[in-house]
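**Q**
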Amino acid sequence: MSIEGSAVVDVAFWIVAVMAIAAALLVVTVRDVFKAAAFLAAAFLATAGLFVLLRAEFLAVVQVLIYVGAVSILIIFTVMLVRNVPGGNRTGGPFYVFAGAAAAVLLALGIVYAAFKTDWTDLDQAAAGDDRVAAALTGQYQAEAAPGDGGIELIGGPAADQETARQGVFRRTANNLGTLFIRDYVLAFEVISVVLLAALIGALALARERGAET
Amino acid sequence: MTLRTEPVTINIGPHHPSTHGVFRLRVTFDGEVIVDAEPVFGYLHRGTEKLAEERTYVQFVTLTDRMDYVASMTNNQGWVLAVEKLAGITPSPRGVWLRMISAELQRIASHLVAIGFFLQDLGAFATPLMYTMRERERILDLFEILCGARITYSYMRPGGVFQDAPQEFWPRLDTFLKEMPHYVDEYERLISGNEIVLVRTKGIGKVPADTLINASASGPILRAAGVDWDLRKKDPYEFYDRVKFDLPLAKESDNFARYIVRIQEMRESLKIVTHCKEQIEPGPVRPKEVPFLVRPPRGDAYAHIEAPKGELGYYVVSDGSIAPYRCHVRAPSFINLTLLRDMLVGWKVADMIVTFGSIDINMGEVDR
Amino acid sequence: MTTSLRGEQVASMISAFAHEAVAGHNEGSVWVGAESWPAVARQLHDRPETDFKYLSSISAVDYIDHFEVVYHLVSLRHNHGAVVKIRCGEGRSDPVIPSCMPVWRGAELQEREAYDLMGVRFEGHPNLKRVMLWEGFPGHPHRKDFLR
Amino acid sequence: MTDAFLENAFFRNIYCNLASSASPRCAGGGPFGDGMFPAGMEWLAFLITAFVIIFLVVNAALLAVNIYIWGERRLVARLQARLGPNRWGPYGLLTPIADLIKILTKEDIVPAAADRLVFNLAPVLIVVPVLLVFAVIPFASSTWVADLNVGVLYIIAVLSVGSYSAVMAGWGSQNRYAMLGAFRAVALLVSYELPMVLALIGVLMITGSMSLVDVVHDQNVPFALVQPLGFLIFLIGSVAEIQRPPFDLAEAESELIGGYHTDYSGIKWGLFQAGEFMATIASAAIITTLFLSGWRGWGFLPSHIWFLIKLVAVLFAMTWLRGTLPRLRIDQVTAFAWKGLLPLAALNLVVSGVLSFIWPAPGVAELWVMAIVNLAVAAVSIFTLGLLLGPRPGERTTPAGSAVFMPAKREGTA
């Protein structure tokens, strides 16, 4: 049997999941803004752990790199620049509580809807080692990648070695993602980069002190 | 819209690695930029001037050692010159030559310390400091041969010095004079062309020359601004009119100029020592007729010398007894700090340390 | 060689501003009254024939019945020097003398030192605080009557 | 997953001793005998093997830190014309142990104003990411802990977490020196991460894989030659990211006393020191693997030794930098990253892209051609950039007022 199906993964999942939820709860309950930001980073890290358990190493690493290594650090940096933080700065009244709660409920509803809408069967079966699904997955990816251009080459043919094929799909998440970004969703990708560029210029304009030459 | 950060006040010192002793600087930062700086002194105040009033003129020599403790010889020299001026003592020539030799060696040693710690303040991981300390050790060895002490020499007396240089001193001095220029070249190779040193020091800590004059700055700081003022040339005491040397000047008045002036002054000091060694004549090192208990007539006198850090002056008032009635020390380190705030405001934390190091102060002298 | 101006020379130069100026006997020293000191300082600094741009040293002396502040001035251009002595009034209760900081900034720390250790008050000094000792230290230790 | 691990000799040797010999993956058992566990207990074998390997790597890293501290102290002492530690053990080799005992027995001081949780967590956090880096380094031809398919990205991600320690130490101490140090640490990290990542993309373009095992395998010509610009940028970037001179601004002892670890004492301070030295070793290992062809060498020495030789060479270079160069100022450091390294990295990216477009799967000869082209590009671009960004005199941020400055009256006592 393989290690994926064993109790080790289950135990790891529960540890990571509990950590993620606990950290997320602490983010909103802890009074100290600095600690809240630190717990946010911890929540991001735990999410990265979940990605690892899902065999999405690329996503996990990117999660750490961007959310933990860059976004949270900048949040903490900003928190440190603003003085008198340890005293805490409580919510600004009932309006914010209600607005926040409403937003949270809406978000939760959306996630639950998406979870129920998604067809999880093929992923479940693939994880359980169902050869048929694995073959289907393999075929699907091969169909997406035009063969012969060096973009995606799976190890083995569609039906040659299902185990290797399934692993191949997971081993090459980066390549698959890259193909999807550059080929199928290139428009969205470029639009997002334009948005990011605009944000960057906006940030520069904000940060530039008026009248200062430097 | 402007983003404002709140200014923060930090105490640099008295226990800070780069304050060269127990100096304290209350600095207000806006981020990393200095908005305000105020020096606070007195952590090493021992009342030296008051102690002088209870000691004989010779006894006080030992206390002058403790003022600028990296340049004790020049402290001695200033004091004995003041006493000689006050009491009308003519020193014996050999004693004067020996005083000049030791004072110039002391200048080299002091500049070595200044450069070493200046680079240490720049963040060089002790390497230049170790190099300069290596040569300073040799000077201290020479002084040890001369008077038996390595830091607090008390070598000089009104009228000369207290003992002649032993025979083994001269060959050791010759070797030192022969090798030292190469070591100075080595510092220059290591430091002067270093790109990081250049970007960290050039143009930083600039003060115009007339401001420096108005603020009574003296020594290498003044000469780094292009002011041609060295008491050895302008008001020659001892036999400085009989030796040939140049006056290194720079005109940028920044931290690098102060460093380079010190480097060049070390070379000039070596020249002076060589000249002294050539001209020294045999004879007593101290006139026999000068009594041990000097009893100057009533009156006052002010003697100033070019100490390594600037103009070191002693104002002595005598009431005709064996102890000075009043002794005031014009300490170069102390007065050079007048302009510290001007040099610092607008620069960054790192520049502050470097500028402070470039002034080359000694807390023993500042606080006295 | 820095030549000392003779006391009479200095006295005659500044006689227009300080009629009470008295030449001393050594090192070209001259006594000036405390009241005329700011004008004298300005003149000594500005006039081309004196040109005392450099204030070398300020020393305060306790002469039991009065305090005296001694200024050593140097002209870098002419390479001559002068000594100006100022008596801070009679008695020892509250010696006051006008600050010369507007003329020479180099006086800033030296005046503070004289104030701290000798108790001479320099009127017009913008930041006359103790410099060596802490605020609240009783007395001025360089005075002759300071008891240990 | 298990299969991937079994390519690793390190793992296989331990695993196959434990797992059942009936297991198809370890036919014939391990080198020291048959499996200990019955069939179906492979997961336990896996766990035990994993823990054994983690234990070994962590302790090897700690031992390496001790040896490296000794080596650096001796080497710096030689650079500074002195002897260095030579009292404890042969050539002073036991000095780090003596230091450790001293540190362990020191009083553990927590400042009264400190945030205790953050303050105590910070020294732990500096060690963890650095240890994680060793997980993907191939130490020899078939010795590694994990062959991660996103290894290069993983290294960057894990190293970026390291700055949390500085930030938390600075914040937790509630000390202004520490806070300034933390600010500088973050500024440095944010500035240098980008050029470092861009520099690595050149390597990835040639290998086509982010796995470090593959990177070494494809490195028929050391990438330091094929990617000279990338190598230089990555070397400078790693020196900056681990905050060694001339980029040791975050703990600049002549300015900030100790920077973010000013308030630490005892073993917590020791952990910071160990973490920094370990980070140096980790960076040297990364550079060795990515740019100096890792464990590869000529046949007369085993691959472990080749890896070690290259590692020590990189460490020597880093120590040499430390012994020679003064520190830069914070604005100069960040300006160097943004104005100097980032354009160079972008240029390197373009040139490497064009070259990999011409030769998608380069052989040895093609790698040499690439090396020549890239060396020329590097020389020209560095020279041009040097002309553009040459040393300039410093600039004051705000005017300091009139020439004759009268200090304002201030409140408070001296």
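Chains as they are written, first to last, in my numbering: chain A, 220 to 433; chain B, 84 to 451; chain C, 677 to 824; chain D, 974 to 1387. Ideal placement from N, C-alpha and C gives every residue a C-beta, glycine not left out.
Which residues in chain D have a C-beta closer than 7 Å to the C-beta of A/E276? List them in chain order.
**A** Residues of chain D passing the Cβ test: L1121, N1122, V1123.
**Q** Looking at the strands, I want to know which residues DSSP matches up with B/V244.
**A** Its beta-bridge partners are B/M239.
**Q** Could you tell me which chain A residues have their CB closer than 8 Å to the CB of D/A1155, listed as they occur along the chain?
**A** M299, listed in chain order.
**Q** Mind pulling the alpha helix (DSSP H) runs of 4 or more residues that sit fully within the segment 249-316 of chain B?
**A** List check, alpha helix (DSSP H) in window: 252-270, 278-284, 292-297, 303-306.
**Q** Taking D/F1356 as part of the alpha helix (DSSP H), name the residues at either end of that continuous run.
**A** Residues 1337-1361.
**Q** If contacts are defined as beta-carbon pairs under 8 Å, then D/V1134 and A/V283 qualify, I think. What distance do you get, rounded to the angstrom?
**A** Yes, D/V1134 and A/V283 are in contact; Cβ-Cβ is about 7 Å, under 8 Å.
**Q** Do D/V1306 and D/F1220 have their CB atoms nearer than 7 Å?
**A** Cβ distance < 7 Å, so D/V1306 and D/F1220 count as in contact.
**Q** Could you have a look at B/R182 and say whether DSSP puts it in helix, strand or coil?
**A** Residue state, collapsed to three classes: helix.
**Q** Using only alpha-carbon positions, find the residue among B/R409, B/K431, B/A390, B/S404 that is nearest to B/N445.
**A** Nearest C-alpha to B/N445: B/A390.
**Q** Roughly how many angstroms lie between the CA atoms of B/Q347 and D/E1228, to the nearest whole one?
**A** Spanning the two alpha carbons is a distance of roughly 28 Å.
**Q** Less than 7 Å between the beta carbons of B/F259 and B/R221, yes or no?
**A** Yes. Within cutoff.
**Q** On the DSSP letters alone, give me the boundaries of the alpha helix (DSSP H) that A/A279 sits inside.
**A** From DSSP, the alpha helix (DSSP H) with A/A279 extends over 276-281.
**Q** For the putative contact between B/V116 and B/K431, defined by C-beta atoms under 8 Å, what is the C-beta separation to the nearest angstrom?
**A** Going by Cβ atoms, the distance from B/V116 to B/K431 rounds to 6 Å, so yes, they are a contact pair.
**Q** Can you pull out the residues from the segment 189-216 of chain B whose beta carbon lies closer than 7 Å to at least one beta carbon of chain D?
**A** Listed by position along the chain: L202, Q203, D204, L205, G206, A207, F208, A209, T210, M213, Y214.
**Q** Which residues in chain C have a C-beta closer than 9 Å to the C-beta of B/V310? List them in chain order.
**A** Residues of chain C passing the Cβ test: L752.
**Q** Verify whether the separation of the beta carbon atoms of D/T1235 and D/Y1137 is less than 7 Å.
**A** Not a contact, by the Cβ cut-off of 7 Å.
**Q** Near D/F1264, what residues of its chain come up, given a Cβ to Cβ distance below 6 Å and the 5 sequence neighbours on each side ignored?
**A** Around D/F1264: F1196, A1197, F1204.
**Q** For the alpha helix (DSSP H) holding D/P1168, just list the boundary residues, first then last.
**A** Residues 1149-1180.
**Q** Identify which residue in C/P714, C/C776, C/V772 has its Cα closest to the Cα of C/G795.
**A** Looking at the Cα atoms, C/V772 is the closest of the given residues.
**Q** Is D/Q1053 close to chain B, meaning its C-beta is less than 7 Å from at least one C-beta of that chain?
**A** Closer than 7 Å to some Cβ of chain B, the Cβ of D/Q1053 qualifies, so yes.
**Q** When you compare the CB of D/W1016 with every CB in chain A, is at least one pair closer than 7 Å?
**A** It does: the Cβ of D/W1016 has a partner Cβ on chain A nearer than 7 Å.
**Q** CB B/M426 to CB B/V290, shorter than 7 Å?
**A** Cβ atoms of B/M426 and B/V290: closer than 7 Å.
**Q** For the segment 378-442 of chain B, which segments carrying the alpha helix (DSSP H) assignment without a break, of at least 4 residues, lie completely within its bounds, in sequence order?
**A** For the segment 378-442 of chain B, whole alpha helix (DSSP H) runs of length 4 or above, ordered along the chain, are 415-419, 423-427, 432-442.
**Q** How about B/S401 and B/L134: do their beta carbons lie closer than 7 Å?
**A** Taking 7 Å as the Cβ cut-off, B/S401 and B/L134 do not qualify as a contacting pair.
**Q** Mind checking which residues open and close the beta strand (DSSP E) that includes B/T111?
**A** Note, B/T111: beta strand (DSSP E), 107-113.
**Q** What do you get for D/P1111, buried or exposed, if any count of 16 or more other CB atoms within 10 angstroms of its CB means buried?
**A** When all chains shown are included, D/P1111 counts as buried.
**Q** Does any residue of chain C bring its CB to less than 7 Å from the CB of B/Y385?
**A** Closer than 7 Å: yes.
**Q** Taking 7 Å as the CB-CB cut-off, is A/V283 touching chain D?
**A** Yes, contact with chain D.
**Q** Cβ of D/G1313 less than 7 Å from any chain B Cβ?
**A** Chain B contact via Cβ: absent.
**Q** Pull up the DSSP beta-bridge partners for B/A120, would you.
**A** Answer is B/V110, bridged to B/A120.
**Q** Does the Cβ of D/A1223 have 16 or more other Cβ atoms within 10 Å, making it buried, or fewer, making it exposed?
**A** Result: buried.
**Q** Any beta carbon of chain B sitting closer than 7 Å to that of C/R797?
**A** With 7 Å as the cut-off, C/R797 does not count as an interface residue toward chain B.
**Q** So, at 7 Å on beta carbons, what are the nonlocal neighbours of A/L396 in its own chain, with the 5 sequence-adjacent residues on each side left out?
**A** If we look at A/L396 and ignore the five residues flanking it on each side, its Cβ neighbours are F277.
**Q** Interface residues of chain C around B/T145 at Cβ under 8 Å?
**A** What B/T145 touches in chain C: nothing, since even the nearest Cβ is about 20 Å away.
**Q** Taking 7 Å as the CB-CB limit, is D/G1232 close to chain B?
**A** By this cut-off, D/G1232 is not an interface position.
**Q** Check whether the Cβ atoms of B/Y398 and C/S775 sit closer than 7 Å, and answer yes or no.
**A** For B/Y398 and C/S775, no; Cβs fall outside 7 Å.
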